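Heads up, the thing below is written out as C-alpha cells.
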Amino acid sequence: MYSESRAILEKIADVMSVQTTPTYKAAFAWLKDFHDNLKHGNVPACMPPAEDAGASQFTIATPPHMPSTSVSPAPDVSTTSVTVTPVTPGSEDVSMSPVEEEYEDKASVAAPMQAKGLRSQNRVKNLRKARDLARQIRQGKTHRVVEVNDVEALLDGPYSMDTAKDVLAKFNPPVVSPTQAEDVRNFNVGQQLPQFKAMLPLDTVQSATRAIHDKNSAHDLLAYWPDFGYATLEYLELMERIINAKNQLRDAALTLVWIDRVEWCASDVSTPFDDARWLTKAEHKGVIMDMNLSTTLVSANATPGSLLLHFRERLWLNTTCMVAGMQFMKEVYVRSKVGIVNPSYHAYSSLAKKREVAAGYGAADPNNECVIGVLNLSEVHWVAFHLDKTTQVCKLIDPQQSSITFTTLKKSIQFTVEPMLSMQSEIEYEEVRWCNQQDANSCGVWCLVVLELLLSKNEWDDSLYKLLPFLRMRYLNKCANLLRHVSINDDDE
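Numbering (numbering that gives the first Met the number 0), first residue to last: 0 to 492.
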C-alpha cells in the first residue's frame with residue numbers, strides 16, 4: 000500500500016509541475032488542506048466516503064476576494080458546466096470580458112507558460128531551436144516572423160551579440176505608451192491569461208513591476224492600463240529582459256566602433272601590458288561578438304557580461320569591471336597567491352558585517368601571500384590597495400593623490416581588512432605617488448594598472464598615460480575572456 004500511495008504522489012507532483020500558476024495554487028491549497036486533515040485524522044470530515052465520491056462533490060474554498068463559483072453535478076467531468084457570477088461594481092476583481100458569460104468547455108489541463116520554471120530539458124530544447132533560428136536568419140534561409148517565444152527561449156540561456164542580434168533585430172512589436180498610471184488588480188478565476196501583443200516603455204514596465212511587488216499579495220496580480228490592457232508579472236519581466244538585451248546589443252555595437260578608433264604606439268607598451276600588443280583589432284572585436292552578455296559565474300561571483308562593456312571609451316568603471324579586473328590578475332599571477340577583498344563591504348555600517356562581506360572572495364585564506372582590493376569611497380572615485388603579507392607592507396593607491404583619501408583608505412583597511420587576516424606583525428603603510436589621474440573618469444583603470452604593476456613587480460613608466468585607450472581595450476579583452484563565450488553554433492545550454 001505504501002508503494003502505491005508513493006507512486007500516486009509522484010504522479011501528482013509530475014502533473015503539478017506543468018500547471019499554470021492559478022491552477023497550481025488552487026490545487027496546492029486543496030492538497031495542503033488534505034495533508035493537514037490526514038495528519039490529524041480528520042479525513043472522513045473533510046471528504047465524502049470513497050465509494051460515493053464524485054467529481055462534483057469536491058470543492059475548493061473560494062478566497063474572499065474572488066467571485067463565487069458553482070459547479071453543477073454531472074455524470075461526466077467532460078460536460079461539467081461552470082457559471083461565474085458577476086463582479087459587483089467597485090470590486091477590485093477584474094476580468095478580460097463580461098463576467099456574466101457561461102463556460103461549457105471541456106475540462107482540460109492548461110499548457111505551461113513559456114516562462115521561468117520550464118523543465119531543464121525543455122529549456123535546452125527551446126534554446127537550441129532559438130539558436131537554429133538565429134543561424135537561419137543570418138544565412139538568409141528563413142524569413143518567418145520572429146515570435147516572442149523565440150526571443151524568450153534565446154534570452155533564457157547564455158547569449159551573445161553573435162547569437163542574439165539577428166533575432167532581436169527582427170523582433171519589433173508595436174510599443175504602446177500608456178497615458179495613465181498602472182492599476183494593479185487580482186487575477187480572476189476563469190479569466191484568460193493576457194497574451195503578449197505589444198511592448199511597453201522601460202520606465203512603465205519597471206513601475207508596474209514595482210507596484211505588483213509592493214502589493215506583496217499571495218494572489219496572482221495583473222497590471223492594467225486602459226489603453227494597453229493587462230500584463231502579468233511574467234510578461235513584464237520578459238519585456239524588461241528584451242529591452243535590456245537590445246540595450247546591451249547597442250552597447251556591444253558601440254564597443255566595436257570604439258575598438259576601430261583605438262590607436263596606440265607599440266613602442267610605448269611595456270611589461271606586463273605587452274601581452275596584448277600584437278592582438279589585432281579583429282581579434283578584440285571577435286571576443287566582444289562572442290562574450291556572454293548575460294550573467295556568468297566567475298570564481299563563484301555572478302558577473303553580468305554586459306557591464307564589462309563599460310571599459311570602452313571614457314566611461315567610469317563600475318564594480319563589475321573592477322572585480323573582474325582583479326579576478327583576471329588572480330588567475331594570471333597564480334604564484335603570488337592573490338586574495339581579493341570584496342569592495343561591497345564599504346557599504347555596510349556594522350563592523351562584523353563589513354568583515355564578513357570583505358572576506359567573501361577568499362581574502363581571509365591563510366595561504367594568500369598578498370591581498371588586493373578596490374574601494375569606491377565617495378561613490379564616484381575608485382581607490383585601491385595592495386597588501387604584501389610577506390613584507391608586511393600595504394601600498395595605498397589613489398590616482399587623485401588626495402591626503403584625505405589616503406587617510407580614509409588606511410582606516411578602512413585597519414578596521415576591516417587587517418583583523419580578518421590575523422597578521423601578527425604591524426603593517427607598514429605606503430602611499431603610491433607615481434600615478435596621477437589626468438581626467439575625471441579613468442580612476443578605475445589606473446587602480447587596476449598600478450595593482451598589476453605591483454603584482455608583476457614592474458616599474459611605472461609615464462608612457463602609460465598615452466596608452467589609456469589601449470589599456471581599457473586590453474582589460475576589456477582579458478575580463479571578457481573570463482566569461483563563457485557563446486557562439487551561434489553552440490547547441491548546449
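In this text, a Cβ means the ideal position worked out from N, Cα and C, and glycines have one as well. Since we're looking at a predicted model, the values are computed, not measured.
Burial check for residue 442: the Cβ neighbour count within 10 Å reaches 16 or more, so the residue is buried. Around the beta carbon of residue 329, a 10 Å sphere encloses 16 or more other beta carbons of the protein chains shown; the residue is thus reported as buried. Two segments are said to touch when three or more pairs of C-beta atoms, one from each, lie closer than 8 Å; by this definition the region 337-346 does not touch the region 467-480.
Here the region 233-245 makes contact with the region 153-171; the two share three or more CB pairs at distances below 8 Å. Listed in chain order, the alpha helix (DSSP H) elements of length 4 or more contained wholly in the region 346-414 are 350-357, 402-411. In its chain, beyond the 5 residues on either side, 203, 206, 207, 210, 222, 223, 224 have a beta carbon closer than 8 Å to the beta carbon of residue 181.
Beta-bridge pairing by DSSP links residue 300 to 297. Boundaries of the beta strand (DSSP E) around residue 338: 337-339. Sequence-distant Cβ neighbours of residue 163 in its own chain, meaning closer than 8 Å and more than five residues away, are 133, 153, 154, 244, 248, 292. Judged by beta-carbon spacing, residue 320 lies within the 8 Å limit of residue 310, meaning their Cβ atoms are closer than that value.
The beta carbon of residue 261 sits closer than 6 Å to those of 468, 472, all from its chain and outside the five residues before and after it, given in chain order. The residues 457, 460, 462, 463, in chain order, have a CB closer than 8 Å to that of residue 269 in the same chain once the five nearest residues on each side in sequence are set aside. When DSSP states are grouped into helix, strand and coil, residue 222 belongs to the strand group. Distances from the alpha-carbon of residue 199 to those of 267, 241, 11, 255 put 241 closest. When 286, 233, 398 are compared, the shortest CA-CA separation from residue 480 is found for 286. Annotation for residue 178: 226 place their beta carbon closer than 7 Å to its own, counting only its chain and skipping 5 residues before and after.
Separation of residue 440 and residue 408 (C-alpha to C-alpha, rounded to the nearest whole angstrom) is 19 Å. In this structure residue 388 does not touch residue 419 by the C-beta definition: roughly 12 Å separates them, more than the 8 Å allowed.
For residue 452, same chain residues with a beta-carbon under 8 Å away, outside a window of 5 residues either side, are 271, 458, 459 in chain order. Looking from the CA of residue 212, the closest CA among 233, 196, 194 belongs to 233. Secondary structure at residue 229: strand, using DSSP grouped into helix, strand and coil. Per the coordinates, the alpha-carbon of residue 445 lies some 12 Å from the alpha-carbon of residue 315. Shown here, residue 312 sits in coil according to DSSP, grouped into three states, outside any helix or strand. With 16 or more other Cβ atoms inside 10 Å of its own Cβ, residue 220 counts as buried. For residue 417, the uninterrupted alpha helix (DSSP H) run begins and ends at 417-420, by DSSP. Residue 338 sits close to residue 361, with the two beta carbons spaced by under 8 Å. In this structure, the CA atom of residue 184 is about 48 Å from the CA atom of residue 474.
Between residue 195 and residue 147, the C-beta gap is smaller than 8 Å, which places the two residues in contact. From the listed residues 145, 358, 399, the smallest Cα separation to residue 432 is found for 399. By the Cβ neighbour-count rule, residue 149 is buried, with 16 or more other Cβ atoms within 10 Å of its own. Contact check for residue 275 and residue 476: beta-carbon distance about 6 Å, within the 8 Å limit, so the pair qualifies. When only Cα atoms are considered, residue 27 and residue 160 end up about 41 Å apart.
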